[in-house]
């Protein structure tokens with residue numbers, strides 16, 4: 001089985017000539033199935049660019065990127081849409097739920113684009129909402145949900161197409177400590193179920209939940225450490 | 239996403255800014271409603287003219303000056319009382335056996351005063367046969383007679399509408415009217431006729447031709463001469479006889495004719511060619527308002543796309559293809575304009591129950607189909623550019639949008 005993420009010699013350059021900015025300057029990264037990785041770095045370290053490329057929202061200037069064994073750099077725009085739809089589940093810092101739609105409708109959106117029939121959509125959205133503990137709020141709109149609840153709805157949305165990779169960009173950045181706890185709890189549970197998660201953050205506190213911390217600076221990976229055996233502890237023991 | 243879901247999501251999108259959507263809708267609504275009802279007015283006036291010509295009966299012919307080598311000077315001399323007198327004489331001497339009646343007409347527009355009421359109306363100077371030939375029944379009083387015509391008496395017969403305007407509920411017979419500056423005695427009032435077309439036939443004033451020429455128009459040309467044949471199968475013969483009499487009187491050859499004798503179908507042709515120009519003009523004006531409505535759709539969709547850039551980014555991140563985004567915004571624009579179109583058709587049907595400029599609009603099916611089709615095309619065409627812009631956005635940029 002190939003790695004979920006296999007990145008080699010990744011470069012991303014913005015602008016030209018004197019205004020050239022090397023956001024990524026030769027990044028190698030391999031993430032295996034079931035790994036729970038924190039991608040860390042200060043702002044300007046290149047981690048957001050990394051997130052965009054890993055999420056197939058942006059392409060690299062140079063280098064190869066294989067997602068679940070597929071070479072993404074050669075794909076057309078349409079194929080990239082399909083990859084984003086089936087292979088990646090996004091969780092954003094600002095939740096990015098669509099305001100006029102209920103939590104359930106938001107969760108069902110990726111399945112609409114995947115052309116999943118309505119009854120199955122309903123069953124899968126119910127399961128996902130139950131997993132994040134939000135089934136009782138399913139018919140509420142985002143503005144009727146707390147930040148933590150919105151983020152949990154967004155996590156449910158990221159899961160419904162059973163992606164190979166859950167990509168979370170500062171998922172707790174807009175949350176208070178209690179909601180942060182709730183959201184990280186959900187991630188822990190997902191990890192326990194064998195999901196591959198890449199979590200982009202600058203908070204040590206958050207990174208400590210993961211089993212591997214990758215630090216970036218100036219567009220390069222400066223350290224890649226295995227964290228203690230915390231993940232080996234039974235999920236939900238805390 | 240299936241069609242139903244796309245439409246449901248489009249309606250939800252419109253609902254999120256109900257005020258804006260309904261104003262855009264109103265633009266398309268007005269455009270479509272005006273196309274349908276103004277084409278209806280055109281069709282209605284055409285029908286009215288047809289009806290009016292029909293009402294003349296199938297036995298009438300109309301002589302007008304014009305045609306051939308006529309110039310305005312010749313035209314002015316062509317149709318005079320001399321010609322109509324010659325025709326009348328031919329009828330009475332059985333020289334033209336297929337002609338039953340000759341009704342010369344001079345028309346003018348005059349200010350008419352009765353007591354404190356003043357109005358402007360069409361005034362027709364004609365002979366006593368006018369009432370019989372045009373099927374005008376006298377409801378009150380009497381029509382004027384051949385004797386009145388010979389003595390150029392100052393008498394009038396009023397149309398029903400004009401009688402009401404000028405005299406209200408007073409007994410009109412025996413009342414005095416001032417036409418121009420001359421007082422006239424009201425002899426009778428015609429029964430109300432169906433209002434037919436652009437000019438109301440109920441708002442006319444009929445006076446003896448001799449009186450009209452003496453005090454109003456002078457002894458110039460006649461406006462027209464209406465001839466009545468003895469029967470429907472005598473129309474062609476009557477036309478030939480009348481032409482012969484007129485040619486002899488004017489001392490011209492048939493080839494040089496400076497007048498035209500038109501039967502009903504020819505009159506219809508002339509009338510319908512003018513009204514179709516009129517209809518086309520109305521349709522063009524209405525078409526412009528539909529175009530403006532379409533630009534409204536573009537405008538609103540551009541605002542919507544800008545406003546929802548972030549949503550577009552989210553959808554793309556979740557796996558929406560370019561086609562899905564394009565489809566979503568196109569559907570929204572089309573639903574908006576089609577809904578406006580449908581409401582516009584409804585409005586046009588309501589409007590068609592009222593008369594516009596004295597014309598009762600006739601809803602033309604093809605104009606309904608056309609207007610609906612155009613409103614849908616407007617959605618696709620005018621919504622296309624904003625939708626394409628939305629679809630072409632890069633997800634990274636769209637997501638970064640605040």
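Chains as they are written, first to last, in this note's numbering: chain B, 1 to 238; chain V, 239 to 640.
No residue lacks a Cβ here, since even glycine has one placed at the ideal position from N, Cα and C.
A quick note: this is a predicted structure, and the numbers were derived from the prediction, not measured.
Query raised in the report: Can you give, in chain order, each stretch of the beta strand (DSSP E) that sits fully within the segment 429-487 of chain V and has at least 3 residues?
Result: 442-446 and 462-467
Query raised in the report: How would you write the range of the beta strand (DSSP E) that residue 104 of chain B sits in, first residue to last?
Result: Within the first chain, residue 104 of chain B is the residue found at index 104, counting from 1. That residue, residue 104 of chain B, is in no beta strand (DSSP E); its alpha helix (DSSP H) goes 103-113.
Query raised in the report: Using a threshold of 6 Å, is the CB atom of residue 506 of chain V nearer than that to any non-hydrogen atom of the ligand COA?
Result: You won't find the ligand COA in this model; it holds no ligand whatsoever.
Query raised in the report: Buried or exposed: which applies to residue 616 of chain V, given that a residue is buried once 16 or more other Cβ atoms fall within 10 Å of its Cβ?
Result: Residue 616 of chain V sits at position 378 when you count from the first residue of the second chain. Buried, since its Cβ has 16 or more Cβ neighbours within 10 Å.
Query - Of the residues V:499, V:530 and V:481, the one placed nearest residue 491 of chain V, counting alpha carbons only - result: Position 253 of the second chain, counted from the start, is the residue given in the question as residue 491 of chain V. The residue with the shortest Cα to Cα distance from residue 491 of chain V is V:481.
Report task. Please look up how many angstroms separate the CB atoms of residue 628 of chain V and residue 543 of chain V, rounded, as I've assumed it's under 8 Å. Result -> Counted from its first residue, the second chain places residue 628 of chain V at position 390. Counted from its first residue, the second chain places residue 543 of chain V at position 305. About 4 Å separates the two Cβ atoms, so the contact holds.
Requested in this report: Can you have a look at residue 322 of chain V and say buried or exposed, based on whether 16 or more other CB atoms are within 10 angstroms of its CB?
Outcome: Residue 322 of chain V sits at position 84 when you count from the first residue of the second chain. Under this definition residue 322 of chain V is a buried residue.
**Report entry** Three-way DSSP call (helix, strand, coil) for residue 43 of chain B in this model
**Finding:** On the first chain, residue 43 of chain B is found 43 positions in, with the first residue counted as 1. Reduced to three states, the DSSP call for residue 43 of chain B is coil.
Query raised in the report: In this structure, does DSSP put residue 394 of chain V in helix, strand or coil?
Result: Working through the second chain from its first residue, we reach residue 394 of chain V at position 156. In the structure shown, residue 394 of chain V sits in a strand (DSSP, three-state: E or B).
Query raised in the report: Starting from residue 95 of chain B and walking both ways along the beta strand (DSSP E), at which residues does that stretch end?
Result: Here the question's residue 95 of chain B lines up with position 95 in the first chain. Taken as a continuous stretch (DSSP letters only), residue 95 of chain B belongs to no beta strand (DSSP E), as it is neither H nor E.
Query - 7 Å Cβ cutoff, residue 176 of chain B in contact with chain V - result: As a working mapping, residue 176 of chain B is identified with position 176 in the first chain. Taking Cβ atoms only, chain V never reaches closer than 7 Å to residue 176 of chain B, which makes this a no.
Requested in this report: Return the CA-CA distance between residue 467 of chain V and residue 296 of chain V, expressed in angstroms with no decimal places.
Outcome: Here residue 467 of chain V is taken as the residue at index 229 of the second chain, counted from 1. Here residue 296 of chain V is taken as the residue at index 58 of the second chain, counted from 1. Taking the straight line from one Cα to the other gives about 9 Å.
**Report entry** Integer-rounded CB distance, given that residue 169 of chain B should sit under 8 Å from residue 200 of chain B
**Finding:** The residue given as residue 200 of chain B occupies position 200 in the first chain. The residue given as residue 169 of chain B occupies position 169 in the first chain. Contact flag correct, Cβ pair sits at about 5 Å.
Query raised in the report: Between the segment 347-367 of chain V and the segment 439-449 of chain V, do at least 3 Cβ pairs fall closer than 8 Å?
Result: yes
**Report entry** Contact set between residue 114 of chain B and chain V, taken where Cβ atoms lie within less than 9 Å
**Finding:** Taking the first chain and counting its residues from 1, the one referred to as residue 114 of chain B is at position 114. Within 9 Å Cβ-Cβ: 557.
Requested in this report: Show which residues of chain B have a CB atom less than 7 Å away from the CB atom of residue 552 of chain V.
Outcome: Residue numbering aside, residue 552 of chain V sits at position 314 when the second chain is read from its first letter. Residues of chain B passing the Cβ test: 96 and 98.
Requested in this report: Report yes or no: is there a C-beta of chain B within less than 7 Å of the C-beta of residue 549 of chain V?
Outcome: Translated into the one-based positions of the second chain, residue 549 of chain V becomes position 311. At least one chain B Cβ lies under 7 Å of residue 549 of chain V.
Query raised in the report: residue 185 of chain B by DSSP, collapsed to three states: which one?
Result: The count along the first chain starts at 1 and reaches residue 185 of chain B at position 185. Correct three-state label for residue 185 of chain B: helix.
Report task. Rank V:332, V:565 and V:460 by C-alpha distance to the C-alpha of residue 621 of chain V and give the top, closest one. Result -> Taking the second chain and counting its residues from 1, one reaches residue 621 of chain V at position 383. Distance check between residue 621 of chain V and each of V:332, V:565 and V:460 places V:565 closest, using alpha-carbon atoms only.
Query raised in the report: With residue 583 of chain V and residue 606 of chain V assumed to form a contact (beta carbons below 8 Å), what rounded beta-carbon distance in angstroms separates them?
Result: Sequence index remark: in the second chain, residue 583 of chain V carries index 345 (1-based). Sequence index remark: in the second chain, residue 606 of chain V carries index 368 (1-based). That belief holds up - the Cβ atoms of residue 583 of chain V and residue 606 of chain V are roughly 6 Å apart, short of 8 Å.
Query raised in the report: Can you pull the DSSP bridge partners for residue 342 of chain V?
Result: Residue mapping note: residue 342 of chain V aligns to position 104 of the second chain, counting from 1. Paired residue(s): V:463.
Report task. Determine, using beta carbons only, whether residue 90 of chain B comes closer than 7 Å to chain V. Result -> Residue mapping note: residue 90 of chain B aligns to position 90 of the first chain, counting from 1. So, interface residue.
Report task. Report yes or no: is there a C-beta of chain B within less than 7 Å of the C-beta of residue 510 of chain V? Result -> Indexing the second chain from 1 puts residue 510 of chain V at position 272. Residue 510 of chain V does not count as touching chain B.
Query raised in the report: Can you give the Cα-Cα distance for residue 519 of chain V and residue 411 of chain V, rounded to whole angstroms?
Result: Within the second chain, the letter at position 281 stands for residue 519 of chain V. Within the second chain, the letter at position 173 stands for residue 411 of chain V. Straight-line Cα distance between these residues: approximately 43 Å.
Query - Option nearest residue 227 of chain B by Cα separation, candidates B:220, B:214, B:221 and B:218 - result: In the first chain, counting from the first residue as 1, residue 227 of chain B sits at position 227. Per the Cα distances, B:214.
Query raised in the report: By the 10 Å Cβ neighbour count, where 16 or more other Cβ atoms means buried, how is residue 49 of chain B classified, buried or exposed?
Result: Mapped onto the first chain, residue 49 of chain B falls at position 49. Answer is buried; the Cβ neighbour count reaches 16.
Requested in this report: Check the Cβ of residue 634 of chain V against every Cβ in chain B and list those closer than 7 Å, keeping chain order.
Outcome: Numbered from 1 along the second chain, position 396 holds the residue referred to as residue 634 of chain V. 52, 57 and 58, listed in chain order.
Requested in this report: Could you tell me whether the Cβ of residue 129 of chain B comes closer than 7 Å to any Cβ of chain V?
Outcome: Reading the first chain from its first residue, position 129 is the one you call residue 129 of chain B. Put simply, the CB of residue 129 of chain B is far from chain V, with every gap to its CB atoms at 7 Å or more.
Query raised in the report: If contact means a Cβ-Cβ distance below 9 Å, which residues of the segment 245-264 of chain V contact chain B?
Result: 247, 250, 251, 253 and 254
Requested in this report: Would you mind telling me which residues of chain B sit closer than 7 Å to residue 243 of chain V, beta carbon to beta carbon, in chain order?
Outcome: For the purposes of this step, residue 243 of chain V is taken as the residue at position 5 of the second chain. Here the neighbours are 112.
Report task. State yes or no: is the C-beta of residue 483 of chain V within less than 7 Å of the C-beta of residue 328 of chain V? Result -> Mapped onto the second chain, residue 483 of chain V falls at position 245. Mapped onto the second chain, residue 328 of chain V falls at position 90. Contact: yes.
Requested in this report: Would you kindly work out how many angstroms separate the C-alpha atoms of residue 143 of chain B and residue 99 of chain B, rounded to a whole number?
Outcome: As a working note, residue 143 of chain B is residue 143 in the first chain. As a working note, residue 99 of chain B is residue 99 in the first chain. About 7 Å.
**Report entry** Through-space distance from residue 127 of chain B to residue 56 of chain B, alpha-carbon basis
**Finding:** Taking the first residue of the first chain as position 1, residue 56 of chain B is located at position 56. Taking the first residue of the first chain as position 1, residue 127 of chain B is located at position 127. The alpha-carbon atoms of residue 56 of chain B and residue 127 of chain B are separated by roughly 27 Å.
Query - Strand pairing of residue 348 of chain V, partner residues [DSSP] - result: The sequence position of residue 348 of chain V within the second chain is 110, counting from 1. V:359, per the DSSP bridge assignment.
Requested in this report: List the residues of chain B whose Cβ lies closer than 9 Å to the Cβ of residue 560 of chain V, in chain order.
Outcome: Reading the second chain from its first residue, position 322 is the one you call residue 560 of chain V. The contacting residues are 77, 78 and 81.
Requested in this report: Ignore the nearest five residues each way along the sequence and tell me which others in residue 184 of chain B's own chain have a CB closer than 6 Å to its CB.
Outcome: Indexing the first chain from 1 puts residue 184 of chain B at position 184. Cβ within range, chain order: 209.
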